[in-house]
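Structure first, then comments.
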Amino acid sequence: MIFLIVLLAVVLLLAGFEMLLVLGVPALAYKEIFYAKLPDPAIVQKIVGGIDHTTLLAIPFFIFAANLMGAGQIAAQLVNVVKALVGHTRGGIGHVVVGGSMAFGSVSGSAPATVAAMGRMVYPEMRRAGYSDKFSLGLLVASAETSLLIPPSITLIVYGWMTGTSISQLFAGGLAVGIVLGLAFALFVWLEAGKGGVTREPRLPWSERLCAIWQAKWALGMPVIILGGIYSGIITPTEAAAVSVVYAIVIEAVILRSLTWKDLFAITERSAINTAIIFVLLAMGGLISFFVTLAQVPNGIIGMLDQVDAGWITFLMVANVCFFIAGMFIDPNSAMLILVPPLFPVAQSLGIDPVHFGMIVTLNISLGMITPPFGLDIFVASSTLGKPVAQIIAGVWPFVVVNILVLLLITYVPQISLFVPKLIFG
Amino acid sequence: QEFVAKIGHLESTAQSRHVHLEKVAELVKERTEGAVELQIFPQGQLGNQRQMNEGVQLGTIEGTVAPAAFLGGFNPAVSILDIPYLIPEDAAEAQALRDGPFGQALLATFADKGMVALTLWPNGKKQFSSNKPLDDLAAFADQKFRVMDSSILLEQFNALGASAIALPFGELYTSLQTGVVDGEENPLDTIKNMKFYEVQENVVISDHGAMEDVVLFNPMFWESLPVEYQDVIKGAFTEVIPELTAHKAAAVEEALQVIKDSGTNVRVAGPEERAELRELTWGPASEAYVAMAGDTGKALLAAYEEATAK
Amino acid sequence: MPLLTLLRKVERTILVVLFLTMVALFFGSVLMREFGGTMASRFAWIEEAVRLMNLFLVFLALGLALERGKHVGITNLRDKLPEGARRWLLRGIDTVGLLFSLYVAWLGVQMVQFVLKSGQTSPTLGIPMGLIYLAPVIGFLLLALRYGLSLFGLIDRFTAQEAAE
Ligand code: NA
Ligand code: NA
Numbered sequence: 069m070i071f072l073i074v075l076l077a078v079v080l081l082l083a084g085f086e087m088l089l090v091l092g093v094p095a096l097a098y099k100e101i102f103y104a105k106l107p108d109p110a111i112v113q114k115i116v117g118g119i120d121h122t123t124l125l126a127i128p129f130f131i132f133a134a135n136l137m138g139a140g141q142i143a144a145q146l147v148n149v150v151k152a153l154v155g156h157t158r159g160g161i162g163h164v165v166v167g168g169s170m171a172f173g174s175v176s177g178s179a180p181a182t183v184a185a186m187g188r189m190v191y192p193e194m195r196r197a198g199y200s201d202k203f204s205l206g207l208l209v210a211s212a213e214t215s216l217l218i219p220p221s222i223t224l225i226v227y228g229w230m231t232g233t234s235i236s237q238l239f240a241g242g243l244a245v246g247i248v249l250g251l252a253f254a255l256f257v258w259l260e261a262g263k264g265g266v267t268r269e270p271r272l273p274w275s276e277r278l279c280a281i282w283q284a285k286w287a288l289g290m291p292v293i294i295l296g297g298i299y300s301g302i303i304t305p306t307e308a309a310a311v312s313v314v315y316a317i318v319i320e321a322v323i324l325r326s327l328t329w330k331d332l333f334a335i336t337e338r339s340a341i342n343t344a345i346i347f348v349l350l351a352m353g354g355l356i357s358f359f360v361t362l363a364q365v366p367n368g369i370i371g372m373l374d375q376v377d378a379g380w381i382t383f384l385m386v387a388n389v390c391f392f393i394a395g396m397f398i399d400p401n402s403a404m405l406i407l408v409p410p411l412f413p414v415a416q417s418l419g420i421d422p423v424h425f426g427m428i429v430t431l432n433i434s435l436g437m438i439t440p441p442f443g444l445d446i447f448v449a450s451s452t453l454g455k456p457v458a459q460i461i462a463g464v465w466p467f468v469v470v471n472i473l474v475l476l477l478i479t480y481v482p483q484i485s486l487f488v489p490k491l492i493f494g
Numbered sequence: 147q148e149f150v151a152k153i154g155h156l157e158s159t160a161q162s163r164h165v166h167l168e169k170v171a172e173l174v175k176e177r178t179e180g181a182v183e184l185q186i187f188p189q190g191q192l193g194n195q196r197q198m199n200e201g202v203q204l205g206t207i208e209g210t211v212a213p214a215a216f217l218g219g220f221n222p223a224v225s226i227l228d229i230p231y232l233i234p235e236d237a238a239e240a241q242a243l244r245d246g247p248f249g250q251a252l253l254a255t256f257a258d259k260g261m262v263a264l265t266l267w268p269n270g271k272k273q274f275s276s277n278k279p280l281d282d283l284a285a286f287a288d289q290k291f292r293v294m295d296s297s298i299l300l301e302q303f304n305a306l307g308a309s310a311i312a313l314p315f316g317e318l319y320t321s322l323q324t325g326v327v328d329g330e331e332n333p334l335d336t337i338k339n340m341k342f343y344e345v346q347e348n349v350v351i352s353d354h355g356a357m358e359d360v361v362l363f364n365p366m367f368w369e370s371l372p373v374e375y376q377d378v379i380k381g382a383f384t385e386v387i388p389e390l391t392a393h394k395a396a397a398v399e400e401a402l403q404v405i406k407d408s409g410t411n412v413r414v415a416g417p418e419e420r421a422e423l424r425e426l427t428w429g430p431a432s433e434a435y436v437a438m439a440g441d442t443g444k445a446l447l448a449a450y451e452e453a454t455a456k
Numbered sequence: 265m266p267l268l269t270l271l272r273k274v275e276r277t278i279l280v281v282l283f284l285t286m287v288a289l290f291f292g293s294v295l296m297r298e299f300g301g302t303m304a305s306r307f308a309w310i311e312e313a314v315r316l317m318n319l320f321l322v323f324l325a326l327g328l329a330l331e332r333g334k335h336v337g338i339t340n341l342r343d344k345l346p347e348g349a350r351r352w353l354l355r356g357i358d359t360v361g362l363l364f365s366l367y368v369a370w371l372g373v374q375m376v377q378f379v380l381k382s383g384q385t386s387p388t389l390g391i392p393m394g395l396i397y398l399a400p401v402i403g404f405l406l407l408a409l410r411y412g413l414s415l416f417g418l419i420d421r422f423t424a425q426e427a428a429e
């Protein structure tokens, strides 16, 4: 029966049904077959429940801000500054995507928000610099993953609460692992840039660089407000998203006069539609996660592990596979809520450091954001850049491979996760 | 098994509520010879508390153990528990209040809300923490505290001249770290589990807010159980209360040690300070309560005063 | 169809007003916290209000998104089919979409009724919580309308993609 339902989902997916139907229709079928007695209106409750979280609000606001900056001048000015500073290096704008996503992602803490905000700024520039469409899309989507690792990170906070692990130590570990992942992507960019086709800008004298910075003075206020506002404790990341919209409106419409009020209306509307497209999938994801929770799948896996008397090496492999498969089909944050409670005690009994296990879990959660078919970051890129999902998937898979390699490295070399926490906390 | 109940709650698996829910599930399974299975879903796997409450009414899930603070929207009468210093400090007196006419009247207010309220579970007392000094009550003025969504708790901070700020729980750690808010209120074991002490300078042990859990079941499910099974379940929930209280006390004790060891400044508020805090907050908080809960609220407040007058 | 044009205008206006209000409220609550002193406590409802408004924003935009061909899906294979087969497939998608949306909207109506009857109110605003389930009801009805119009050939949502951007 389960097989038939999965088959139904695959058929709908390949036949080109809207993703909301691909997720929703099999979920309804599953409900009617396995939980016939469950009251039907619960479906609507779970759909709404999937998106009724304050912390998700950063996504619509950052989409809105990114659309404003992209249509106006802020994005172009910021890109000019970056180009003036590093455009002449091998990889240039590619490294900027990685570094920018790490910086923006660190504070926003939301991978989808990072894709939305970075995408409209850097994607056109990557194409102009000669990176292929696939590589540009893949890099953009994958780099955003670092936002869950580099502190502050709600994912790490939730893990810390679930397992009783020190959040400061998790943050320290997350910083190291996030940088390792970023470096892996940067190395990939460096290799790609060496293949030819990717052009370099001429090296500019400092007078011209300063000129570019001066011209972008209003635009540079944006990162200052977001990063400065959060680290100085004036605003939360979610509020920073809303504040960035206000700043973008003031700068573009009032000071630079690059957008008319009519433009503003159209951009607001488009941002609302971008938001809806992503959130309706999160909503359907809420429904599916509910049924996965009810099925209590992890208990079966733990039983199996008990029987074969697995050691830590096997256990971590099984854990990674569980997370990978779950991350393909459900919202990775829900996967964490479902999988950590049964897996963590086993990890502890095998002597695995809780901070190390937290890094493995969080890296898996990040990976789940970019794995098809249910890869939220893929959908965000598709919606905000207007690119077909299949094209983005084609670009993303080499990065999934890089990511898996990093995951294996982090899994089997615990020192990477524990080095920084040990340095700071002894 | 003949009856399966999905029971959801918000705590993590090491916390008192979950540990004792598992214990209740075990007792019930044993005493009904496996006929009734309680499946426990921790840490909001089945949704946030609002969705779980609604799920219990709807029959999506069979039960939940809900902090009273998350039930005000469903049954305003229960918000009486948000009033500072409502539950007596002495554990035996507190339990007598729960078992007595006041406690029973409180549980009965759920009857017409589409939920069967089985019993109250004690879940500790709230304390204040902040990055600014909390040397006396005057020090609270102009500080920003994060509160749960409750108009009574807003009044509590207003009475102290502090601002009450609504923030999602998940963003609280970072907000305390960066200084978006100065402080918060929670039981010590929550302050330990959420690692708030890592980002807070001062803690005042004031025991001002009771954290009471309400054990709730779906009426249809509850009615479908034979009376003997109902008795077994109810018995198991009440039977573990002393053990739950002891477990909680041990957790709080351990948390206190961890918090002190971290270098956080911990101060115990004396009886005069507590009396003063109660004096300051009782009026506005109970007025806000009656404004919310109307005549049912007035009656409960009267029942409370009668029960505590002795 | 003047009615449809009017509907679009209403949808678009509501979306824009909602979204800008959400931004203004969040911005306002930051200002209140920084400069408003204890007045900030009076604005604790903003978080809840913005969260609820976002629900309406999301669901109310579903129909417009479909009409403009914006919903994500993997359309490569579908678009490679011969014209006749493709047309039948598209009708199939529209039919499934129409039935699905109507069914979810109908379940939503039951949810609205159930929660309104239970008397649940929102914790800080005190508004009846049943109203939040109006968001999926209206949203999926607007979605059903577009699936229906597309099924009967009254709108062309499959080639509208570029024109709307
Ligand atoms: Na982050
Ligand atoms: Na995925």
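For the record, the sequence lines run as chains A, B and C. Here my numbering is used: position 285 in the first sequence is 353, and no number is missing along the way. Here my numbering is used: position 286 in the second sequence is 432, and no number is missing along the way. Here my numbering is used: position 98 in the third sequence is 362, and no number is missing along the way. Even for Gly, the Cβ is constructed at its ideal location relative to N, Cα and C.
Does the Cβ of residue i lie closer than 7 Å to at least one heavy atom of ligand 3?
i, result
"residue 347 of chain A", "No copy of ligand 3 occurs in the structure displayed; its ligands are ligand 1 and ligand 2 alone."
Is residue i helix, strand or coil when you go by DSSP?
i, result
"residue 271 of chain A", "coil"
"residue 423 of chain C", "coil"
"residue 354 of chain B", "strand"
"residue 200 of chain A", "coil"
"residue 268 of chain B", "strand"
"residue 399 of chain A", "coil"
"residue 312 of chain A", "helix"
Run down chain C in chain order and give the residues with a C-beta less than 8 Å from the C-beta of residue i.
i, result
"residue 451 of chain A", "334, 336"
Can you pull the chain A neighbours of residue i, defined as C-beta to C-beta under 9 Å?
i, result
"residue 340 of chain B", "225, 228, 229, 235"
"residue 190 of chain B", "405"
"residue 256 of chain B", "Here the premise fails: no neighbours, minimum Cβ distance about 20 Å."
Do you know offhand how far residue i's Cα is from residue j's?
i, j, result
"residue 307 of chain B", "residue 425 of chain A", "44 Å"
"residue 204 of chain B", "residue 225 of chain B", "22 Å"
"residue 422 of chain C", "residue 129 of chain A", "29 Å"
"residue 392 of chain B", "residue 419 of chain B", "26 Å"
"residue 356 of chain B", "residue 104 of chain A", "40 Å"
"residue 376 of chain C", "residue 193 of chain B", "19 Å"
"residue 481 of chain A", "residue 421 of chain A", "12 Å"
"residue 470 of chain A", "residue 245 of chain A", "14 Å"
"residue 378 of chain B", "residue 356 of chain A", "34 Å"
"residue 96 of chain A", "residue 166 of chain B", "35 Å"
"residue 406 of chain C", "residue 436 of chain B", "42 Å"
"residue 317 of chain C", "residue 286 of chain C", "7 Å"
Can you list the residues of chain A that residue i reaches, using a CB-CB cut of under 7 Å?
i, result
"residue 400 of chain C", "112, 115, 116"
"residue 396 of chain C", "116"
Could you tell me which chain B residues have their CB closer than 7 Å to the CB of residue i, listed as they occur along the chain?
i, result
"residue 353 of chain A", "Near residue 353 of chain A there are no residues of chain B at all, since even the closest Cβ is about 13 Å away, more than 7 Å."
"residue 331 of chain C", "Those within 7 Å of residue 331 of chain C in chain B number zero; the least Cβ separation is about 31 Å."
"residue 106 of chain A", "206"
Starting from residue i and walking both ways along the alpha helix (DSSP H), at which residues does that stretch end?
i, result
"residue 432 of chain A", "422 to 436"
"residue 267 of chain C", "266 to 299"
"residue 152 of chain B", "Residue 152 of chain B -> not in any alpha helix (DSSP H); beta strand (DSSP E) instead, spanning 149 to 154."
"residue 176 of chain B", "162 to 177"
Note the first and the last residue of the continuous beta strand (DSSP E) segment covering residue i.
i, result
"residue 444 of chain B", "No beta strand (DSSP E) contains residue 444 of chain B, which is instead part of the alpha helix (DSSP H) from 417 to 455."
"residue 216 of chain A", "Not the beta strand (DSSP E): residue 216 of chain A falls in the alpha helix (DSSP H), residues 214 to 217."
Can you find the residues in the same chain that come closer than 6 Å, C-beta to C-beta, to residue i, ignoring five residues on each side of it along the sequence?
i, result
"residue 450 of chain A", "457, 460"
"residue 287 of chain A", "142, 145, 146"
Can you name the residues of chain B whose CB is closer than 9 Å to the CB of residue i?
i, result
"residue 479 of chain A", "Going along chain B, no residue has its Cβ under 9 Å from residue 479 of chain A, so there is no contact; the nearest lies around 23 Å."
Which residues in chain B sit within 8 Å of residue i, going by Cβ to Cβ distance?
i, result
"residue 441 of chain A", "Under the 8 Å cutoff, chain B gives no residues; its nearest Cβ is about 23 Å from residue 441 of chain A."
"residue 378 of chain C", "203, 204"
Using C-beta distances below 8 Å, list every residue in its chain close to residue i, excluding the 5 sequence neighbours before and after it, in chain order.
i, result
"residue 228 of chain A", "234, 235, 238, 426"
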